[in-house]
Amino acid sequence: ASFAMLGDVILAEPKALIGFAGPRVIQQTIRQELPEGFQRSEFLQDCGFIDRVVHRSQLRSEISSIIDYAGK
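Okay, here's the thing in structure tokens:
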């Protein structure tokens, strides 16, 4: 379930829900309130787990830019 987080560069779409179990399951398991936006791409970017949040229409050019940069 965590293979996607092992990449060198991690991109996500805006407001994507990222995680194996949903927030409700986690909240019921740990019996604590979760921070606002927990498991959303923007929250994970703020915590340093995701490099960039990119809208789907911009993914192609973003990936192309990363590949161009890595090839230099």
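Heads up: the sequence shown runs through residues 2 to 73, numbered per our numbering.
Positions of the beta carbon are idealized from the N, C-alpha and C atoms, including for glycine.
Residue i to residue j span [Cα, whole Å]
i     : j     : result
Arg53 : Asp69 : 17 Å
Glu34 : Ala5  : 26 Å
Arg32 : Arg25 : 10 Å
Phe21 : Ser3  : 8 Å
Glu63 : Phe39 : 25 Å
Ile67 : Phe44 : 22 Å
Ile11 : Gln59 : 15 Å
Gln28 : Val55 : 28 Å
Beta-bridge partners of residue i, as assigned by DSSP
i     : result
Leu7  : None, per the DSSP bridge assignment.
Leu18 : Arg41
Ala13 : Val54
Option nearest residue i by Cα separation, candidates the options
i     : options                    : result
Gly8  : Gln40, Pro36, Arg57, Phe50 : Phe50
Arg41 : Gly72, Arg61, Ala17        : Ala17
Integer Cβ distance of residue i from residue j, believed to fall under 8 Å
i     : j     : result
Arg57 : Glu14 : 6 Å
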